[in-house]
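Asks:
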Amino acid sequence: MASDTDTAKPDPGAGPAWRRWLPSSRIGRLIIVLNMLGLAILIVGALVLNELRRGLVNARIDSLTTQGELIATIIDQAATVGEPAPALDPGYASQILQLLSNPRTQRARLFDAHGKLIADSYWVADRVEWKVLPPAKPRDQGAAGVTMQFQTPKPPPGPPPGAKQALAHEVAEAMGGRHWAGMRVGDDGERVVSVSIPIQHVQAVLGVLTLEASDVDEIVARQRAALLPFILLSIGVTLASSLLLNNLIANPIRRLARAADRVRLSRARAITLPDIAGRQDELGDLTRSLEAMTSALSERMDAIERFAADVAHEIKNPLTSMRSAVETLDLITDPAARERLLGILKQDVQRLDRLVTDISNASRLDAELSREDPRAFDLGRLLTEITQAYDNQAKPGEPAIHYSIRYSAPDLLEPILVSGREGPIAQVFRNLIDNARSFSLAGGEVRVRLERQKGEAVAVVEDDGPGVPPDNLETVFERFYTSRPKGAAFGGNSGLGLSIARQIVAAHGGTIRAENRLDAQGAVLGARFVVTLPEARR
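Per the numbering used here, the sequence shown runs over residues 1002 to 1539.
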C-alpha cells in the first residue's frame, strides 16, 4: 500500500535575523505602538517648531538685511566726502544712523574703514519723555501743563567673554565686501540676530553697518510655549496608553493570579474567566490554556478518586476471600477439604500480588511518560525484539508468536519510525500479546503485524480466542475489567493491562481499538487489537 509522503513545512524561525526581533503578538505590537505614539507626537512637534524657529530667525535676518541695505545706501549717498579718495563723514553718518535706526527693537553700529566704531544707536543720550500732570491745587492757581524730563540711560553692562571677538570677526567679514548674517552672543550675554553690511562707494569699502536684534530669546520662549501643547499631548497619550495597557494586561493577569490562588487553596477546581478567554490575543490564549490545564487537573483528580475507589474495591475482594478461608480453615478436619481451601488461599494471594503489581505500574505511568523525552525510533525493530523474546521464553503448549511487517512499494525496506518513548510503547505491545496469549488455546497462534498507512504506523495483534462480546469492545479498556472465558486461570489478570495500553497510546497521540475477526458466515474467529501511531518525520 502506497503511503503519502510528508511535505516539509517552512521553519517559523527561518528568515532574516531582523524579522525574529519583531513582535509577532498582538499585545507586543500594541505595547510598541502605544509607547511610540507619545514619542512620535513629541518628535513631530519638535521638528515642526524647529522649522518654525528657523523660519522666524530667517525672517528676522531678511528684515534686518533689507533695513541695513537701505541705511547703508543712504549713508553712502549722503555722508561720503572726498574725491578721489572717498571717506565717511563721522558726524553726518552718525546723525543719519540715529534718525533711521529704531533703538527699541534693534541696535545699530557704524564702523569706519579701519574697523573703528564711529556711531552706536546706544550712544543717544537725549530721551524725551512727557506726560500730562494732574490738575494743580487751587492755591497754585496753575493749569495743567507739560513737563520735560531728560533721562540719561544707564550704560549697558560689560560684554561677556567672546562677544567682542565675535563682533570683530563679523565686521572683518563685512570689510571684505561680503554680507554677514547669523546669530551670535551680544554684549548683554543674550543671543542676537545680527547682520553686517559693507558701505561701499563704487569699489571702495568705506565702513560697515551692523544691525542686531535681541529678540531671539523671545522667539525661543515663544517656541517653547508653542511646544508645550505637544508635550502635554504626549504626556496625555502616554498616560492613556499606560492606563489602557494596565486595563488590557495588568488587570487580567491579576485576575488570573487570583483565580490560580483560588485553585491552589482548593476553593475551586478549575479557572473560569469567560470574558478573558474570549479575547483573541495572547492573554486569551493563556486563559484558555489555563482553563484547559485546570480542567484537565480537575478531571485527573476525579480519575484518581475513582481509581482509588476501584483499587479499594478490587483489593477488598481477595482480602475478603482470604479472611473467610482463614476463618474456616480451623473448622475443617478433612485433609482434602483443607487442601482445597489452601489452594484457594494461594490463588487469592497470587491474585492480590498481581493486582498490587499492576496498580503500582499504573500509578507510576504518568511519571514514566514525563521523565523521558520523546525521540524517533524504529517500531519494526522494537516489535521484532519483543516477539523474539516471547519465542525464546516459550514453553511447550503455549501459543506461538508470529510477527510480520509490510512495507509499501515506494518506501521499500524504509524503517517505520514513530516519535515517543520506547519503554512505554513496548509495554503496550507486551500487554496486548499477554492478553492475546491468555485467550488463545493450547497450540494456537498470536499474530503481530506492522504496516504503514497514510503516514501512520498501524500495528495489529490478533488471536484465535473466543473474541470480545460486541457490547464490550470499549468496556475492555476500562480499569479492572476481567471478563474471562471458562477454564481460565483464576487471578492471572488484574484488568489493568488494556487500560494502561490505551493510556500510553493516547499520550503518544495515537489510538487503540478492539474488534472481532469474522469469517464469511459472520462467526467469530478471534479478537483483533489495532494500534495507530503517528509516523515520525524524517
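Glycine included, every Cβ here is placed at the ideal spot set by N, Cα and C.
(1) Helix, strand or coil for R1453? Go by DSSP, reduced to three states.
(2) Using the beta-carbon count (16 or more within 10 Å), is P1544 buried or exposed?
(3) Please name the residue or residues paired with G1183 in a DSSP beta bridge.
(4) Nearest by alpha-carbon distance to P1230: which of A1175, R1448, A1047, V1419 is it?
(5) Select from E1475, F1378, P1397, P1400 the residue whose C-alpha is nearest the C-alpha of P1535.
(6) What's the gap between the Cα of S1242 and the Cα of I1236?
(7) Just to confirm my understanding: we take G1116, look at its own chain, exclude 5 residues before and 5 after, and list those with CB closer than 8 Å. What are they?
(8) Please list the segments of the alpha helix (DSSP H) lying wholly inside the stretch 1390 to 1440, counting only runs of 4 or more residues, in order along the chain.
(9) From what residue to what residue does the beta strand (DSSP E) around N1517 run?
(10) Do you know how far the Cα of I1072 is from the Cα of L1101?
(11) With the cut-off set at 9 Å, would you say A1528 and G1444 are in Cβ contact?
(12) Across which residues does DSSP place I1200 in a beta bridge pair?
(13) Could you tell me which residues DSSP pairs with A1377 in its beta bridges?
(14) Which residue's Cα is closest to the Cα of V1034: V1238, P1104, A1222, R1061?
(15) G1527 lies in the beta strand (DSSP E); which residues open and close that run?
(16) CB Q1426 to CB V1447, shorter than 9 Å?
(17) If I follow the unbroken alpha helix (DSSP H) through D1266, where does it start and stop?
(18) Which of helix, strand or coil does DSSP assign to E1386?
(19) Nearest to R1382 by CA position, among L1451, D1188, R1289, is which residue?
(20) Within 10 angstroms of the Cβ of P1275, are there 16 or more other Cβ atoms? Answer buried if so, exposed if not.
(21) What is the DSSP secondary structure of V1469, reduced to helix, strand or coil?
(22) Tell me whether E1463 sits in a helix, a strand or coil according to DSSP, three-state version.
(23) Please classify L1233 as buried or exposed, where buried requires at least 16 neighbouring CB atoms within 10 angstroms.
(24) Give the straight-line distance between the Cα atoms of R1518 and I1417, rounded to the nearest whole angstrom.
(25) Which residue comes first and which comes last in the beta strand (DSSP E) that contains A1169?
(26) Quick check on the DSSP output: the alpha helix (DSSP H) that includes I1316 runs from which residue to which?
(27) Would you check if the distance between the CB atom of Q1428 and the CB atom of I1501 is smaller than 9 Å?
(28) Quick check on the DSSP output: the alpha helix (DSSP H) that includes A1278 runs from which residue to which?
(29) Would you tell me roughly how many angstroms separate the C-alpha atoms of R1538 and I1042, rounded to the nearest one?
(30) Going by Cα to Cα distance, which pick from A1086, L1098, M1302, P1104 is closest to T1074?
(31) How far does the alpha helix (DSSP H) with I1501 in it extend, from its first residue to its last?
(32) Just to check my reading of the structure: V1532 and I1513 have Cβ atoms closer than 8 Å, yes? What is that Cβ distance to the nearest angstrom?
(33) Could you check the C-alpha separation between E1300 and G1511 for me, to the nearest Å?
(34) With DSSP as the reference, label D1354 as helix, strand or coil.
(35) What do you get for T1211, buried or exposed, if any count of 16 or more other CB atoms within 10 angstroms of its CB means buried?
(36) Can you tell which of S1290, I1032, A1310 has its C-alpha closest to the C-alpha of R1480?
Replies: In this structure, then:
(1) In the sequence shown, residue 1453 corresponds to position 452, counting from 1. Residue state, collapsed to three classes: strand.
(2) Lying outside 1002 to 1539, the shown extent of the chain, residue 1544 is not represented and no answer is given.
(3) Here the question's residue 1183 lines up with position 182 in the sequence shown. DSSP output for G1183 lists S1195 as bridge partner(s).
(4) Translated into the one-based positions of the sequence shown, residue 1230 becomes position 229. Comparing Cα positions, the closest option is A1047.
(5) For the purposes of this step, residue 1535 is identified with residue 534 of the sequence shown, where counting begins at 1. Restricting attention to E1475, F1378, P1397, P1400, the CA atom closest to the CA of P1535 is found in F1378.
(6) Within the sequence shown, numbered from 1, the residue matching residue 1242 stands at position 241. Within the sequence shown, numbered from 1, the residue matching residue 1236 stands at position 235. Near 10 Å, if we compare the C-alpha coordinates of I1236 and S1242.
(7) Within the sequence shown, residue 1116 is the residue found at index 115, counting from 1. If we look at G1116 and ignore the five residues flanking it on each side, its Cβ neighbours are A1169, V1172, A1173, M1176, V1209.
(8) 1423 to 1440
(9) Taking the first residue of the sequence shown as 1, we reach residue 1517 at position 516. From DSSP, the beta strand (DSSP E) with N1517 extends over 1512 to 1519.
(10) The sequence position of residue 1101 within the sequence shown is 100, counting from 1. The sequence position of residue 1072 within the sequence shown is 71, counting from 1. Distance between the alpha carbons of L1101 and I1072 is about 7 Å.
(11) Taking the sequence shown and counting its residues from 1, the one referred to as residue 1528 is at position 527. Taking the sequence shown and counting its residues from 1, the one referred to as residue 1444 is at position 443. In this structure, A1528 sits away from G1444, with a CB-CB distance that is not shorter than 9 Å.
(12) In the sequence shown, residue 1200 corresponds to position 199, counting from 1. According to DSSP, I1200 bridges with G1208.
(13) If you number the sequence shown from 1, residue 1377 lands on position 376. In DSSP, A1377 forms a bridge with S1420.
(14) In the sequence shown, counting from the first residue as 1, residue 1034 sits at position 33. Closest option to V1034, Cα to Cα, is V1238.
(15) Counted from its first residue, the sequence shown places residue 1527 at position 526. 1525 to 1535 is the span of the beta strand (DSSP E), which, as asked, contains G1527.
(16) As a first step, residue 1426 is located in the sequence shown; it is residue number 425 there, counting from the start. As a first step, residue 1447 is located in the sequence shown; it is residue number 446 there, counting from the start. Correcting the residue type first, residue 1426 is Ile in the shown sequence and not Gln. No, they are not a contact pair.
(17) For the purposes of this step, residue 1266 is identified with residue 265 of the sequence shown, where counting begins at 1. Asp is not the amino acid found at residue 1266; the sequence shown has Leu there. First-last for L1266: undefined, no H or E at that position.
(18) Here the question's residue 1386 lines up with position 385 in the sequence shown. In this structure, E1386 counts as helix in the three-state DSSP scheme.
(19) Along the sequence shown, one-based indexing puts residue 1382 at 381. Minimum Cα distance to R1382 is reached at L1451.
(20) On the sequence shown, residue 1275 is found 274 positions in, with the first residue counted as 1. Answer is exposed; the Cβ neighbour count stays below 16.
(21) Counting from one through the sequence shown, the residue named residue 1469 turns up at place 468. Three-state result, V1469: coil.
(22) On the sequence shown, residue 1463 is found 462 positions in, with the first residue counted as 1. Three-state DSSP puts E1463 in a strand.
(23) Start at 1 with the first residue of the sequence shown, and residue 1233 comes out as number 232. It is exposed - the Cβ of L1233 has fewer than 16 other Cβ atoms within 10 Å.
(24) Residue 1518 sits at position 517 when you count from the first residue of the sequence shown. Residue 1417 sits at position 416 when you count from the first residue of the sequence shown. Computed Cα separation, rounded: 25 Å.
(25) What you label residue 1169 is simply residue 168 of the sequence shown in a count that begins at 1. Per DSSP, A1169 lies in no beta strand (DSSP E) segment; the continuous alpha helix (DSSP H) that holds it begins and ends at 1164 to 1176.
(26) Counting from 1 along the sequence shown, the entry for residue 1316 is found at position 315. Note, I1316: alpha helix (DSSP H), 1283 to 1330.
(27) To locate residue 1428, count along the sequence shown from 1; it is residue 427. To locate residue 1501, count along the sequence shown from 1; it is residue 500. Yes.
(28) Walking along the sequence shown from the start, residue 1278 turns up at place 277. 1275 to 1278 is the span of the alpha helix (DSSP H), which, as asked, contains A1278.
(29) Counting from one through the sequence shown, the residue named residue 1538 turns up at place 537. Counting from one through the sequence shown, the residue named residue 1042 turns up at place 41. Spanning the two alpha carbons is a distance of roughly 51 Å.
(30) The sequence position of residue 1074 within the sequence shown is 73, counting from 1. Nearest of A1086, L1098, M1302, P1104 to T1074, Cα basis: L1098.
(31) For the purposes of this step, residue 1501 is taken as residue 500 along the sequence shown, with counting starting at 1. Where I1501 is concerned, the enclosing alpha helix (DSSP H) stretches over 1498 to 1508.
(32) To locate residue 1532, count along the sequence shown from 1; it is residue 531. To locate residue 1513, count along the sequence shown from 1; it is residue 512. Their Cβ separation, rounded to whole angstroms, is 5 Å, which keeps V1532 and I1513 in contact under 8 Å.
(33) Here residue 1300 is taken as the residue at index 299 of the sequence shown, counted from 1. Here residue 1511 is taken as the residue at index 510 of the sequence shown, counted from 1. Cα to Cα, E1300 sits roughly 20 Å from G1511.
(34) Position 353 of the sequence shown, counting from 1, holds the residue named residue 1354. Looking at D1354 - three-state DSSP - the assignment turns out to be helix.
(35) Residue 1211 sits at position 210 when you count from the first residue of the sequence shown. Burial call: buried.
(36) The residue you call residue 1480 lines up with position 479 of the sequence shown. Looking at the Cα atoms, A1310 is the closest of the given residues.
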